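Written below as structure tokens is the structure these notes are about.
Residue numbers (the numbering used here): -12 to 199.
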């Protein structure tokens, strides 16, 4: 399990525009909390711009300045107007993806203490918000693909480590875990998964029969 931040590979892919849409949402949200990762993305973007300019120079192409190109892109994409949502724990990238207030979401019950809201339009990925009450844990499970979790509020404990607002946890088929919300605050998480969950243990194996 990787803890704290997205991987350098994720950050580099995000900077180049090659990262999947779901993971791009998660990374963009993490960047609102993490100055160190913002600096890393800035370095990757500067490196990519330098390589592009070198390639264009070698081909005899006169390219506009990077600032001018970015300004042109931003001018053509109007900022969506979002409803006021005072006190929301959601970062702006997630608010844009939702387009509505946190309190207006149609949450689906999953297990006692845990509800989920699924975001549509992410091909090949399951992207959702989780709302988890203090003391709630998810049964022991592993993964068929990769799971990335960004904590938006509250605290989660997994493998003896504490995850707080802005922290990222990444697990895959090599990890078996049982995350649990600790403290006295409701935990909101953004979760991006490729593949499904596979529950482990006697109870978990029985659950798998009903979730396939």
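Just so you know, even glycine gets a beta-carbon here, dropped at the ideal spot from N, CA and C.
Being a predicted model, the structure only gives us computed values, none of them experimental.
Check	Outcome
Less than 7 Å separating the beta-carbons of residue 69 and residue 82?	yes
Applying the criterion that 16 or more other CB atoms from any shown protein chain within 10 Å of the CB defines a buried residue, is residue 99 buried or exposed?	exposed
If residue 112 sits next to residue 179, beta carbons under 8 Å apart, how far is it from one beta carbon to the other, in whole angstroms?	6 Å
Apart from the five residues just before and just after residue 95, which ones in its own chain have a Cβ nearer than 8 Å to its Cβ?	102, 103, 104 and 105
In this structure, what does DSSP give as the bridge partners for residue 168?	143
Tell me the DSSP secondary structure of residue 124 in three-state form.	strand
Under the assumption that residue 130 contacts residue 184 (Cβ atoms under 8 Å), give the Cβ distance between them as a whole number of angstroms.	6 Å
Please state if the CB of residue 177 and the CB of residue 137 are separated by a distance shorter than 7 Å.	yes
Rounded to whole angstroms, what's the CA-CA distance from residue 87 to residue 18? Just pull it up for me.	21 Å
So residue 31 packs on residue 5, CB below 8 Å; how close in whole Å?	Contact doesn't hold; Cβ gap of about 11 Å is too wide.
Measure from the alpha carbon of residue 7 to the alpha carbon of each residue in 139, 147, 133 and 156, then state which is nearest.	133
Is residue 79 buried or exposed, if buried means 16 or more other CB atoms sit within 10 Å of its CB?	exposed
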